[in-house]
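Note sheet for the following structure.
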Amino acid sequence: MGTEPELARHLAQARDFRQWADGHADEIETTQALPTALSARLRELGYFGITIPRGYGGLGLGLVGYAEIMAELSKAHAAIGGRVALNNMVASQVVLLGGTEVQKQRFLRPMATGEALAAFALTEPGAGSDAAGVSTRASRDGDHWVIDGMKHLIMHAPIADLVTVIASTEPERGAKGLSAFVVPRGTPGLRQAPAQRPMASRTTVGELHFEGCRVPADHLIGAPGKGFSLAMRALDMTRVGVGAYAVGSAERALELSVHHLQGRRQFGRPLAEQQGLQWMLAEMATDIAAARALLRSLAAKMDAGEPASADAAMLKLFASEMCGRVADKALQLHGGIAYLHDHPISRIYRDVRLWRIVDGTSEIQKTVIARELLAADQMPSGTPYAG
Ligand SMILES: Cc1cc2nc3c(=O)[nH]c(=O)nc-3n(C[C@H](O)[C@H](O)[C@H](O)COP(=O)(O)OP(=O)(O)OC[C@H]3O[C@@H](n4cnc5c(N)ncnc54)[C@H](O)[C@@H]3O)c2cc1C
Numbered sequence: 002m003g004t005e006p007e008l009a010r011h012l013a014q015a016r017d018f019r020q021w022a023d024g025h026a027d028e029i030e031t032t033q034a035l036p037t038a039l040s041a042r043l044r045e046l047g048y049f050g051i052t053i054p055r056g057y058g059g060l061g062l063g064l065v066g067y068a069e070i071m072a073e074l075s076k077a078h079a080a081i082g083g084r085v086a087l088n089n090m091v092a093s094q095v096v097l098l099g100g101t102e103v104q105k106q107r108f109l110r111p112m113a114t115g116e117a118l119a120a121f122a123l124t125e126p127g128a129g130s131d132a133a134g135v136s137t138r139a140s141r142d143g144d145h146w147v148i149d150g151m152k153h154l155i156m157h158a159p160i161a162d163l164v165t166v167i168a169s170t171e172p173e174r175g176a177k178g179l180s181a182f183v184v185p186r187g188t189p190g191l192r193q194a195p196a197q198r199p200m201a202s203r204t205t206v207g208e209l210h211f212e213g214c215r216v217p218a219d220h221l222i223g224a225p226g227k228g229f230s231l232a233m234r235a236l237d238m239t240r241v242g243v244g245a246y247a248v249g250s251a252e253r254a255l256e257l258s259v260h261h262l263q264g265r266r267q268f269g270r271p272l273a274e275q276q277g278l279q280w281m282l283a284e285m286a287t288d289i290a291a292a293r294a295l296l297r298s299l300a301a302k303m304d305a306g307e308p309a310s311a312d313a314a315m316l317k318l319f320a321s322e323m324c325g326r327v328a329d330k331a332l333q334l335h336g337g338i339a340y341l342h343d344h345p346i347s348r349i350y351r352d353v354r355l356w357r358i359v360d361g362t363s364e365i366q367k368t369v370i371a372r373e374l375l376a377a378d379q380m381p382s383g384t385p386y387a388g
């Protein structure tokens, strides 16, 4: 974990980066791609490996550092945080939690430096919230595993260099028969389908097809059957990331709203003088402050190695719903101009809608929280976990 002065230095750098990146937001919207200069700067600053330990080429700043930096980057454009998210979060954390030393050096280093763009492939057409229902199959064949199946809604699917995949090695064992593999781009039998068009320009999302895809046996991460628990632990960490993006986007929406109300005059005076509108700002700021407090305490708890599954679900639930409320109020405060497609509030409104769905929907987060309250053995069998 980083020391306080280190974190302060990195945060100051992230603020400078954000100021500069602000000027590229329109270009991202128009081209639906991250400008090369932005990707290059993300690499220079080490942002592909904020959470990855220094021994594997990362910044080693833990979740506390990740949360602060990602909240700042998300203010410029959600696609910027999105580009580094998988390298820092679930795709790399599965390797960090379950990999051997050799696997960590081999797979984490290129993820940490940004030389390889990572993806994480769990979701399938038949296995979303019910993540344990994965039907992609991996069978042992000599010193290889052969993977067959299809994943959809996978972030970075068309452009990823390293894919952390969850596949079933013992279908009759359900979740306990799932295993994790790292599959590099170009592996025979891996087809990375062209990008699908999402609601917001933040993501490159698509399908991965595994057709007799042969990976060497040493690409299995952890023991066979450990894939589901590795993925669930890694997804807990990912929820810190979602909390950070949600807080950053909401803070940006609030900044823009304050500015708008101060500048816009109706009925002969600034909108900022209308008490009803002031109260909306106050509600937005309070919502954001509560999410920030949850985010900071969860990141510190997880960095200290304490179990925090239910806390992670609470943050994901609260922060993702919070930024929906804030974006909605921001649009209302701006009036019709913000309904135009290219307005920054319109972009934030579309961007943040994802957070209530991805990495486990709001309903699934509630299930995780309730499961802990009621104890797992009192829940009906087949209770979903994440996805
Ligand atoms: C842009 C984008 C990027 C994504 N990136 C990735 C990625 O990189 N890797 C990856 O593996 N996945 C990814 N996903 C998939 C995402 O995690 C799933 O969409 C999500 O988990 C929900 O699954 P589903 O879409 O199949 O919805 P479903 O599971 O079909 O759910 C539909 C609705 O039913 C509700 N529901 C389902 N079961 C229950 C229940 N038991 N109780 C109460 N309500 C329930 C859900 O909350 C939801 O409202 C991505 C999705 C999107 C949109």
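Residue numbers for the sequence shown follow the working numbering, beginning at 2 and rising by one.
Backbone N, C-alpha and C fix where the C-beta goes; we use that ideal spot for every residue, glycine too.
Secondary structure note for Pro217: its beta strand (DSSP E) is the uninterrupted segment 206-217.
Beta bridge pairing from DSSP links Val183 with Thr165. Between the beta-carbon of Ala117 and that of Pro111 there is about 4 Å, and that keeps the pair under the 8 Å contact cut. Counting of Cβ neighbours within 10 angstroms places Met200 among the exposed residues, the total staying below 16. Note on Leu278: 16 or more other CB atoms within 10 angstroms of its CB, so buried under the neighbour-count rule. Under DSSP, Val147 forms a beta bridge with Ser140, Arg215. Taking 8 Å as the cut-off, the Cβ atoms of Ile148 and Thr165 do not count as close. When Ser169, Val206, Ala158 are compared, the shortest CA-CA separation from Gly187 is found for Ala158. By the Cβ neighbour-count rule, Ile338 is exposed, with fewer than 16 other Cβ atoms within 10 Å of its own. Rounded to whole angstroms, the separation of the alpha carbons of Leu39 and Gly115 is 12 Å.
Taken through DSSP and simplified to helix, strand or coil, Lys227 comes out as coil. Within 7 Å of the C-beta of Met315 there is not a single heavy atom belonging to ligand 1.
Membership of Arg192 in the beta strand (DSSP E) is indicated by the continuous run 191-193. The stretch 62-77 and the stretch 241-254 touch, with no fewer than 3 CB-CB distances between them shorter than 8 Å. Note on the stretch 298-385: whole alpha helix (DSSP H) runs with a minimum of 4 residues are 310-335, 345-353, 363-375, in chain order. Ala120: member of the beta strand (DSSP E) spanning 119-122, first to last residue. A check of alpha carbon separations from Gly63 across Asn89, Gly83, Gly82 identifies Asn89 as the nearest.
The closest heavy atom of ligand 1 lies 7 Å or more from the beta carbon of Leu221. The beta-carbon separation of Trp356 and Ser321, rounded to 4 Å, stays under the 8 Å limit for a contact.
Between Asp360 and Leu236, the C-beta gap is smaller than 8 Å, which places the two residues in contact. In this structure, DSSP gives Arg19 a helical state, which the three-state scheme calls helix.
With contacts defined by Cβ atoms closer than 8 Å, Thr205 and Ala196 form a contacting pair. Take the alpha-carbon of Gln20 and the one of Val135: they are about 42 Å apart. Secondary structure at Ala128: strand, using DSSP grouped into helix, strand and coil. Segment contact: the stretch 316-334 against the stretch 342-351, three or more CB-CB distances shorter than 8 Å; contact assigned.
By the neighbour-count criterion, in which 16 or more other beta carbons inside 10 Å mark a residue as buried, Tyr340 falls on the exposed side. Per DSSP, the continuous alpha helix (DSSP H) segment holding Lys76 begins and ends at 63-77. As DSSP reads the structure, Met156 sits in a beta bridge with Val206. Cβ atoms of Leu299 and Asp312 come within 8 Å of each other, at about 5 Å. With fewer than 16 other CB atoms across the displayed protein chains lying within 10 angstroms of its CB, His260 is exposed.
For Thr204, the CB falls within less than 7 Å of some heavy atom of ligand 1. Under the DSSP definition of a beta bridge, Pro271 partners with Arg266.
A direct Cα-to-Cα measurement between Ser230 and Gly306 gives close to 16 Å. When secondary structure is reduced to three states using DSSP, Leu46 falls in the coil class, being assigned neither helix nor strand. In this structure, DSSP gives Ile53 a state outside helix and strand, which the three-state scheme calls coil.
Within a 10 Å sphere around the beta-carbon of Asp343 sit fewer than 16 other beta-carbons, which makes this residue exposed.
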